[in-house]
Every structure is written in structure tokens, then in C-alpha cells.
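Numbering (the UniProt record's numbering), first residue to last: 1 to 116.
Contents: one structure, followed by commentary.
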């Protein structure tokens, strides 16, 4: 998931002014020609978009994924995000989605985090 965080952690601590590495293993249930990543910080039920350096997973040379993706095949996605010092220090729910060429959700993860 996030470097330095464990699934047993109550909240993932994310330090502003540093890079956070996110990785996801997933197996699509259909063939996919295009994959887009979207990340949100959810505050009081309102998703605030987080800008990714390259949201097109197929074009992200650091993601480790080549398109098209094939049904029932395991894929490992990895990306690094810089957490700006200007981000507020707060508790937030992180929502991470992958959408296919038809804008259908392929992966949707949510986890609690604290920006400090």
C-alpha cells in the first residue's frame, strides 16, 4: 500500500514535504485498454482531487504496467507522490481509484491517514 504503513496501522502517517510511495496489486476481471488513476482526500464526506504527476497509468513509465491489461492477470502498480508542505496537517481518508476506458471503476481503495 503506502511505504512505511501497514494494514494493521490505525492511520497511515504521511509527512508533508516528503515523497510517499503507493503500490497496489490487482487483478482485473476483464480486459482493459486504458487505465486512469484518481486519488482523493475525503474530508467530511467531500472528495478533494489530488493531482497525480501522470494519471494515465498506461503512459506512466514508473508505474510498472503495460497496456492493454488482460483479464485474470496479476498487476503491480507503483507511484510516488510528493506531499506538499502547504497541505494542511489533518486526519483524512485517502481514496484511490483506477478507471478503465469506459470510466468504470476497476479498483477502489480507501484508508485513513494523517498528514503531519
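Virtual Cβ for every residue (Gly too), placed ideally from N, Cα, C.
Close beta carbons around residue i, own chain, < 8 Å, minus the five adjacent residues each side
i          : result
residue 13 : 4, 5, 113, 114, 116
residue 67 : 32, 33, 34, 35, 57, 58
Residue i versus the options, residue with shortest Cα-Cα distance
i           : options         : result
residue 110 : 67, 82, 45, 19  : 45
residue 87  : 41, 79, 95, 54  : 41
residue 19  : 107, 83, 97, 90 : 83
residue 169 : 16, 7, 108, 55  : The structure shown does not extend to residue 169, since the chain is modelled only from 1 through 116, so no value can be given for it.
Residues of its chain near residue i, where Cβ-Cβ distance is below 6 Å and the 5 sequence neighbours each way are ignored
i           : result
residue 101 : 33, 34
residue 55  : 36, 37
residue 23  : 78
Rounded distance between the beta-carbons of residue j and residue i, thought under 8 Å
i          : j          : result
residue 77 : residue 69 : About 10 Å separates the two Cβ atoms, so there is no contact after all.
residue 27 : residue 72 : 6 Å
residue 11 : residue 62 : Contact flag wrong, Cβ pair sits at about 26 Å.
residue 47 : residue 85 : About 23 Å separates the two Cβ atoms, so there is no contact after all.
Close-in-space but distant-in-sequence residues of the same chain around residue i (CB under 7 Å, 5 per side omitted)
i          : result
residue 50 : 39, 40, 41
residue 30 : 71
Can you give, in chain order, each stretch of the alpha helix (DSSP H) that sits fully within the UniProt domain "MD-2-related lipid-recognition" (2-113) and has at least 4 residues? Listed in chain order, nothing qualifies, since the UniProt domain "MD-2-related lipid-recognition" (2-113) has no complete alpha helix (DSSP H) run of 4 or more residues.
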